[in-house]
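What follows is a short report on a single structure.
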Amino acid sequence: MSSQRGENELGELRVHELLARIADGELSGDEIFSTYVEAAIGDELNAYLWRAEPGKPGCAGMGDGPLSGMPVAVKDIFCTEGVETTAASRILAGYRPPYTATAVRKLTGARLLGKTNMDEFAMGSSNENSAFGPVLNPWDTGRVPGGSSGGSAAAVAGGLAPWAIGTDTGGSIRQPAALCGIVGLKPTYGAVSRYGMIAFASSLDQCGPLTRSVTDAALLLDVVQGRDPCDSTSVGVQGGIEAPSRENLSGLRFAVPAELTHDAIEPGVRTVFEATLGKIEELGGEISEVPLPHAEHGISAYYVIAPAEASSNLARYDGVRYGLRENGDRDLIDMYETTRAAGFGAEVKRRIMLGTYALSSGYYEAYYGRAQRVRTKIVEDFDAAFTSADFVVTPTSPSVAFGLGEKTDDPLAMYMNDFFTVPMSLAGIPAISIPAGLAEPEGGGPSLPVGFQIAAPAFAEQRLLDAAYALELGIGFDAKPGEDENG
Amino acid sequence: MAGELSGILEHVDRIAKLELENVPPTAHVVELENVLRADEPRPSWPRQEMLEPAPDSASGAFRVPSPQAESE
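As given, the protein sequences belong to chains A and B, one line each in that order.
Just add 358 to the spot in the first sequence (first one is 1) and you have this note's numbering.
Just add 22 to the spot in the second sequence (first one is 1) and you have this note's numbering.
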């Protein structure tokens with residue numbers, strides 16, 4: 359797969375390095391953009407649903423600014439003025455939004471390289487729920503890239519984009535970043551505006567960066583974060599975000615959840631996780647255990663709350679104002695039903711039904727009410743953990759990238775991919791996944807990336823990025839798709 | 023799909039065993055404050071632009087099939 363990565367040095371550089379070369383006059387934004395447009399046009403991973411054409415303006419509303427023409431890949435869940443935005447659903451095929459999402463608009467000076475493939479309406483952990491076909495993992499094209507921001511992760515890992523933005527509702531940035539060997543950050547709920555971001559579960563959805571380095575993640579977060587009058591839940595990160603520079607972890611306390619059930623973790627992932635804990639100690643950090651007794655119920659609570667919110671948010675797709683309309687010559691109810699039956703994929707229908715059931719009279723308290731109380735317990739668990747620790751750490755995903763089709767017949771097995779990422783989403787706290795090493799998948803095969811997740815208290819993004827940067831330096835992960843382990 | 027949904031609900035039912043009697047529900051993790059602003063008129067989105075993506079429109083409005091099935 360080395361052909362997927364830019365042959366020249368430009369394709370190897372991280373965004374902060376590219377920006378430094380632009381500042382020095384060694385490179386121009388145009389050169390970088392055209393190199394990546396060419397790479398994106400050669401996409402063999404199905405990472406893109408829309409790609410910029412050379413010499414065409416693309417998306418309006420990004421304006422001039424400090425990002426000097428830097429190309430950026432944007433998950434197809436963000437509205438982009440005049441550029442098709444589908445959330446990978448048939449029900450929105452052909453939809454051209456009249457405005458651009460705030461998070462995209464804030465990338466001032468950047469240029470839209472492409473809209474990336476994803477699980478339909480961000481519902482999935484493998485990108486196999488896209489109406490436009492699955493994304494392939496650049497490390498092994500027989501495997502999934504993770505999801506739901508699978509296109510963004512595969513594009514960045516496969517050299518088809520220098521960086522990307524995605525969204526994370528229960529792990530949709532962190533898990534694909536882990537499975538593709540890149541950095542993925544879910545900011546605190548409220549750090550980034552959700553205006554123009556197609557809603558899945560509004561109390562959980564959050565925009566964040568997928569990048570090849572922690573420094574790039576900091577740079578991207580700094581640009582997109584902030585209060586937006588169009589999203590009353592957006593508060594921004596006070597003081598902004600600076601480039602991380604910390605080189606050791608001395609004095610920092612990292613806690614491993616005591617309930618972390620090793621049985622659920624693939625042996626290869628466990629080995630890399632434990633080696634990373636060793637690296638933290640080497641860098642001067644302290645490792646301890648904290649109880650997070652309700653985290654194991656995160657999946658149960660999440661798969662009530664998220665579908666409940668989705669069932670409400672997705673009511674808007676009814677064939678009236680935008681997107682698909684089927685049977686427009688029959689009566690209104692018939693048109694609604696036929697449109698929604700034809701427009702939504704199986705997983706979206708599953709979640710709308712689950713959510714509607716959980717909110718229905720007679721079951722509301724047993725499902726939605728209880729799930730919201732479990733959410734409170736999870737918030738309290740983290741609050742308690744952060745009185746004795748600066749960070750909580752886990753593997754990002756219980757396994758490395760799995761095979762295409764391996765889990766599509768068992769929704770519950772698929773949901774378990776989110777076991778380690780969902781609790782932070784429910785608590786609204788920031789968490790980052792950084793590549794920590796390679797591990798052989800269960801059942802054998804070439805080694806694949808393993809992600810290490812670090813979570814911090816709400817709005818502690820700067821401390822989180824500083825620690826992740828020091829650990830990234832210490833680990834020195836430099837493997838790339840298409841290289842053998844000694845390469 | 024019925025079997026899949028039952029399997030998921032069975033897993034979710036694990037939270038039925040938790041002691042949650044006096045635990046308040048969490049709907050939102052961000053503490054929101056009421057924000058007041060001056061009630062000043064601002065332009066809204068142009069009607070024609072908003073109608074552009076609609077499958078059908080007429081007389082400056084979204085057009086939908088009749089709510090009542092035609093009796094034939």
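For each residue, glycine too, the CB sits at the ideal point set by N, CA and C.
In this text the structure is predicted, and so the values were computed from the model without any measurement.
- The Cβ atoms of Lys414(A) and Gly509(A) do not sit closer than 8 Å to each other.
- Counting only Cβ-Cβ distances below 7 Å, Lys735(A) has contacts in chain B at Val45, in chain order.
- Against chain B, the CB of Tyr453(A) has a partner CB under 8 Å away; the residue lies at that interface.
- In this structure Cys417(A) is buried. Its beta-carbon is surrounded by 16 or more other beta-carbon atoms within 10 angstroms.
- In the structure shown, the three-state DSSP call for Lys433(A) is strand.
- DSSP, reduced to helix, strand and coil, places Arg733(A) within a helical segment of the structure shown.
- Arg409(A) is bridged by DSSP to Gly472(A).
- For Asp498(A), the pairing in a beta bridge is given by DSSP as Asn495(A).
- Residue-level contact check: Leu770(A) touches chain B, since one or more beta carbons of chain B fall below 8 Å from its beta carbon.
- Restricting attention to Pro545(A), Ala459(A), Met555(A) and Asp748(A), the CA atom closest to the CA of Glu644(A) is found in Asp748(A).
- Contact check for Arg604(A) and Asp824(A): beta-carbon distance about 4 Å, within the 8 Å limit, so the pair qualifies.
- Unbroken alpha helix (DSSP H) runs of no fewer than 4 residues, entirely contained in the region 515–575 of chain A, are found at 532–538, following chain order.
- In this structure the region 608–628 of chain A touches the region 791–803 of chain A; the number of beta carbon pairs closer than 8 Å is three or more.
- Taking a 10 Å sphere around the C-beta of Glu830(A), we find 16 or more other C-beta atoms and assign the residue as buried.
- In this structure, Ser783(A) sits away from Thr438(A), with a CB-CB distance that is not shorter than 8 Å.
- Contact with chain A is absent for Arg64(B), since none of that chain's Cβ atoms lies less than 8 Å from the residue's Cβ.
- Proximity of chain B to Gln730(A) at the Cβ level (cut-off 7 Å) is accounted for by Pro47, Thr48 and Ala49, in chain order.
- Put simply, the CB of Met711(A) is near chain B, with a gap under 8 Å to one of its CB atoms.
- Residues Tyr773, Met774, Asp776, Phe777 and Val780 of the same chain have their beta carbon placed closer than 8 Å to that of Ile657(A), with the five preceding and five following residues left out of the count.
- The DSSP-derived three-state label of Ala83(B) is strand.
- DSSP places Phe744(A) within a helical segment (H, G or I) once states are collapsed to three.
- Taken through DSSP and simplified to helix, strand or coil, Leu618(A) comes out as coil.
- Taken atom to atom, the span from the alpha-carbon of Ile380(A) to that of Thr696(A) is near 52 Å.
- Val648(A): member of the beta strand (DSSP E) spanning Glu644 to Val648, first to last residue.
- Against His655(A), the close residues of chain B are Arg36, Ile37 and Leu40, in the order they occur along the chain (beta-carbon pairs closer than 8 Å).
- In the DSSP assignment, Thr697(A) falls within the unbroken alpha helix (DSSP H) covering Leu690 to Gly701.
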